[in-house]
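**Student:**
Numbering (this note's numbering), first residue to last: 879 to 946.
#1: Just list the residues that DSSP pairs residue 919 with in beta bridges.
#2: Just reading off the beta strand (DSSP E) that residue 910 is part of, what are its end residues?
#3: Can you list, in chain order, the residues of its chain whose CB lies under 7 Å from that of residue 905, leaving out five sequence neighbours each side?
#4: Can you say whether residue 923 is buried or exposed, counting buried as having 16 or more other CB atoms within 10 angstroms of its CB?
#5: Looking only at its own chain, which residues have a Cβ that is under 6 Å from the Cβ of residue 889, when we skip the five neighbours before and after it?
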């Protein structure tokens, strides 16, 4: 997963941001920062629908369109 990749959130619901209601969920975001060699919450994603930045674990994200 590289900076600039389009990602989808596939992790558990997060109250206030990622709800069980998929019609309100900001499903797609852009990876804007990652920490090489980091274990855990290492990936910062900008979620345009929420207008917010959040840090996530790699297992909570799925790459839709990667950057080479």
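Quick reminder that beta carbons are idealized off the backbone N, C-alpha and C, glycines included.
**Tutor:** With the given structure in hand:
#1: On the chain shown, position 41 is the one that residue 919 refers to. Answer by DSSP bridge pairing, in chain order: 935.
#2: For the purposes of this step, residue 910 is taken as residue 32 along the chain shown, with counting starting at 1. Residue 910 -> beta strand (DSSP E) spans 906-912.
#3: Residue 905 sits at position 27 when you count from the first residue of the chain shown. Result list for residue 905: 886 and 887, in chain order.
#4: One-based indexing of the chain shown puts residue 923 at position 45. Answer is buried; the Cβ neighbour count reaches 16.
#5: Position 11 of the chain shown, counted from the first residue, corresponds to residue 889. Closer than 6 Å at the Cβ level, and outside the excluded window around residue 889, lie 938.
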